[in-house]
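Peer 1: As they're listed, the protein sequences go chains A and B. Note that the first sequence covers residues 99 to 227 in my numbering. Note that the second sequence covers residues 99 to 227 in my numbering. C-beta atoms are modelled at their ideal positions from N, C-alpha and C, and glycine is treated no differently. Quick caveat: nothing in here was measured; it's all calculated off a predicted structure. I'd like to ask some things about the structure below.
There are 2 protein chains.
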Amino acid sequence: MDMPDWVASVDPCDADCPSRDLLDLIGDRWSLLIMLVIGQGFHRNGEIRRRVGGISQKMLTQTLRALEANGLVARHDFATVPPHVEYRLTPLGVSLGHAVGPMFQWIEASYPAVLRARAAYAARQAQAA
Amino acid sequence: MDMPDWVASVDPCDADCPSRDLLDLIGDRWSLLIMLVIGQGFHRNGEIRRRVGGISQKMLTQTLRALEANGLVARHDFATVPPHVEYRLTPLGVSLGHAVGPMFQWIEASYPAVLRARAAYAARQAQAA
DNA sequence: GCGCATAGGTACTGAAAGTTAAGTACGCAC
DNA sequence: GTGCGTACTTAACTTTCAGTACCTATGCGC
Chain A
99 MDMPDWVASV DPCDADCPSR DLLDLIGDRW SLLIMLVIGQ GFHRNGEIRR RVGGISQKML
159 TQTLRALEAN GLVARHDFAT VPPHVEYRLT PLGVSLGHAV GPMFQWIEAS YPAVLRARAA
219 YAARQAQAA
Chain B
99 MDMPDWVASV DPCDADCPSR DLLDLIGDRW SLLIMLVIGQ GFHRNGEIRR RVGGISQKML
159 TQTLRALEAN GLVARHDFAT VPPHVEYRLT PLGVSLGHAV GPMFQWIEAS YPAVLRARAA
219 YAARQAQAA
């Protein structure tokens, strides 16, 4: 079994283990996507909403609040009228960006393999039925 | 802005982009936890359920099916009575394990920083109110 | 032959998440 | 002075998630 070190270092059985808590945060449907777009240089609410296809205004605001509350994104409100607010990654947010890089690379590299696995699974199901 | 390369290589705006699809799969609440436990050497339904605290039988079955359908976990049914089924990581599953390793390391390393950020945010909220 | 164990499947139900649509408050161009 | 744009907030509605409870089939101990 060729598994990396983290199999020993994280214990999901432990309710106090940070894995549950933070996995819920960054395993969220939109969080990483929003951080990605901010990292690409889009800092304003409207810009982000237009870049992240399919997100509603409510989810964007809600997710940005959660990211801000956890120190991953900094919110700068210029307190002008009309409103002008900018979001930027904090150093902590940037470090998370680096940590999930390999995962995104895996997604890109492995997508074809996953599609093949799905097709094979569907074929097995059809055959069994 | 010190962001890694993947900010340019993945485009969440594109509905065809694999990021959405696979992020939903592995960003699931239980998938990574279950793969972790299987990687630790627990291969049977009951073993996994006892290791992953808080999961119900239904969610375990459901998640294992999804992982199997996507080629991350292999299911071996020995077709005996009483039933004996074993789950193991496929090579694809092991490669995903490696890819999320840095993320788990980040979680362990950054948890204190996140807790501090939360406390600071709560203090700001209390002050504003 | 009763109940327990295994590894699930299925249906019902409540909770949570997310969507749409509308409202807030102001300035600016037309 | 009508409508647009910004960055939200709120309410009502819908969809999805997840847990409980009960069901399959079989051999074992008693």
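Kindly indicate which residue of B:Arg127, B:Val179, B:Gln225 and B:Arg222 has the alpha-carbon position closest to the one of Leu162 (chain B).
Peer 2: Residue 162 (chain B) sits at position 64 when you count from the first residue of the second sequence. Selected option, being the one with the closest Cα: B:Arg127.
Peer 1: Span of the alpha helix (DSSP H) holding Leu213 (chain B)?
Peer 2: Counting from one through the second sequence, the residue named residue 213 (chain B) turns up at place 115. Looking at the DSSP string, the run of the alpha helix (DSSP H) that includes Leu213 (chain B) is Pro189 to Ala226.
Peer 1: Report buried or exposed for Val179 (chain A), applying the criterion of at least 16 other Cβ atoms within 10 angstroms of its Cβ.
Peer 2: Indexing the first sequence from 1 puts residue 179 (chain A) at position 81. Val179 (chain A) comes out exposed.
Peer 1: Quick one: does Met201 (chain A) have its CB under 9 Å from some CB of chain B?
Peer 2: Counting from 1 along the first sequence, the entry for residue 201 (chain A) is found at position 103. By this cut-off, Met201 (chain A) is an interface position.
Peer 1: Measuring only between beta-carbons, confirm whether Tyr185 (chain B) sits less than 9 Å from chain A.
Peer 2: Locating residue 185 (chain B) in the second sequence gives position 87, where the first residue counts as 1. With 9 Å as the cut-off, Tyr185 (chain B) does not count as an interface residue toward chain A.
Peer 1: Say whether chain A places a C-beta atom closer than 9 Å to the C-beta of His196 (chain B).
Peer 2: Reading the second sequence from its first residue, position 98 is the one you call residue 196 (chain B). Yes, His196 (chain B) counts as interfacial toward chain A.
Peer 1: Would a check of beta-carbon distances place Val212 (chain A) closer than 9 Å to chain B?
Peer 2: Translated into positions along the first sequence, residue 212 (chain A) becomes position 114. Yes, contact with chain B.
Peer 1: Using a cut-off of 8 Å between C-beta atoms, extract the partners of Asp122 (chain B) located in chain A.
Peer 2: As a first step, residue 122 (chain B) is located in the second sequence; it is residue number 24 there, counting from the start. Within 8 Å Cβ-Cβ: Arg127.
Peer 1: Give a yes or no on whether the minimum CB-CB distance between Gly144 (chain A) and chain B is below 9 Å.
Peer 2: If you number the first sequence from 1, residue 144 (chain A) lands on position 46. Output row for Gly144 (chain A): interface = no.
Peer 1: Whose Cβ in chain B lies nearer than 7 Å to the Cβ of Pro116 (chain A)?
Peer 2: Position 18 of the first sequence holds residue 116 (chain A). What Pro116 (chain A) touches in chain B: Ile205, Glu206 and Tyr209.
Peer 1: Between which two residues does the alpha helix (DSSP H) holding Ala167 (chain A) run?
Peer 2: Stepping through the first sequence from its first residue, residue 167 (chain A) is reached at position 69. Element bounds for Ala167 (chain A): Gln155 to Ala167.
Peer 1: Spatial neighbours of Gly191 (chain A) within its chain, please: C-beta separation below 7 Å, excluding the five flanking residues on both sides.
Peer 2: In the first sequence, residue 191 (chain A) corresponds to position 93, counting from 1. Excluding residues within five positions, the ones whose Cβ falls inside 7 Å are Met133, Leu170 and Val171.
Peer 1: Have a look at A:Tyr209, A:Gly137, A:Leu131 and A:Ile124 and flag the residue whose alpha-carbon is nearest the alpha-carbon of Gly151 (chain A).
Peer 2: Here residue 151 (chain A) corresponds to residue number 53 of the first sequence, with the count starting at 1. Of A:Tyr209, A:Gly137, A:Leu131 and A:Ile124, the residue nearest in Cα terms is A:Leu131.
Peer 1: Count the other C-beta atoms from every protein chain shown that fall within 10 angstroms of the C-beta of Ala197 (chain B), then say buried if there are 16 or more, exposed otherwise.
Peer 2: Taking the second sequence and counting its residues from 1, one reaches residue 197 (chain B) at position 99. Burial call: buried.
Peer 1: Taking 6 Å as the limit between beta carbons, can you name the residues of its chain near Ser193 (chain B), skipping five residues before and five after?
Peer 2: Taking the first residue of the second sequence as 1, we reach residue 193 (chain B) at position 95. No residues qualify anywhere along the chain.
Peer 1: By Cβ distance below 8 Å, which residues in the same chain neighbour Phe176 (chain A) in space, the five residues on each side in sequence not counted?
Peer 2: As a working note, residue 176 (chain A) is residue 78 in the first sequence. Closer than 8 Å at Cβ, skipping near neighbours: His182, Val183 and Glu184.
Peer 1: Starting from the Cα of Arg214 (chain A), find the closest Cα among B:Ala167, B:Ala215 and B:Asn143 and give me that residue.
Peer 2: Locating residue 214 (chain A) in the first sequence gives position 116, where the first residue counts as 1. It is B:Ala167 whose Cα lies nearest to the Cα of Arg214 (chain A).
Peer 1: Give the range of the beta strand (DSSP E) segment to which Val179 (chain A) is assigned.
Peer 2: Numbered from its first residue, the first sequence carries residue 179 (chain A) at position 81. Counting along the chain, Val179 (chain A) falls outside any beta strand (DSSP E), and DSSP gives it neither H nor E.
Peer 1: Compare the Cα-Cα distances from Ile146 (chain B) to each of B:Ile124, B:Ser117 and B:Arg186 and report the closest residue.
Peer 2: Here the question's residue 146 (chain B) lines up with position 48 in the second sequence. Selected option, being the one with the closest Cα: B:Arg186.
Peer 1: Which same chain residues, not among the five before or five after Asp140 (chain A), have their C-beta less than 8 Å away from its C-beta?
Peer 2: Along the first sequence, read from residue 1 onward, the residue named residue 140 (chain A) stands at position 42. It is worth fixing the name first, because residue 140 (chain A) is Phe in this sequence and not Asp. Answer for Phe140 (chain A): Ile146 and Arg149, listed in chain order.
Peer 1: So, is the C-beta of Asp175 (chain A) closer than 9 Å to a C-beta in chain B?
Peer 2: For the purposes of this step, residue 175 (chain A) is taken as residue 77 along the first sequence, with counting starting at 1. Not one chain B Cβ lies under 9 Å of Asp175 (chain A).
Peer 1: How should Ser117 (chain B) be labelled, buried or exposed, when 16 other C-beta atoms within 10 angstroms of its C-beta is the threshold for buried?
Peer 2: Locating residue 117 (chain B) in the second sequence gives position 19, counting from the first residue. Looking at its Cβ environment, which holds 16 or more other Cβ atoms inside 10 Å, Ser117 (chain B) is buried.
Peer 1: May I ask which residues mark the beginning and end of the alpha helix (DSSP H) holding Leu170 (chain A)?
Peer 2: Along the first sequence, one-based indexing puts residue 170 (chain A) at 72. Element bounds for Leu170 (chain A): n/a, residue is neither H nor E.
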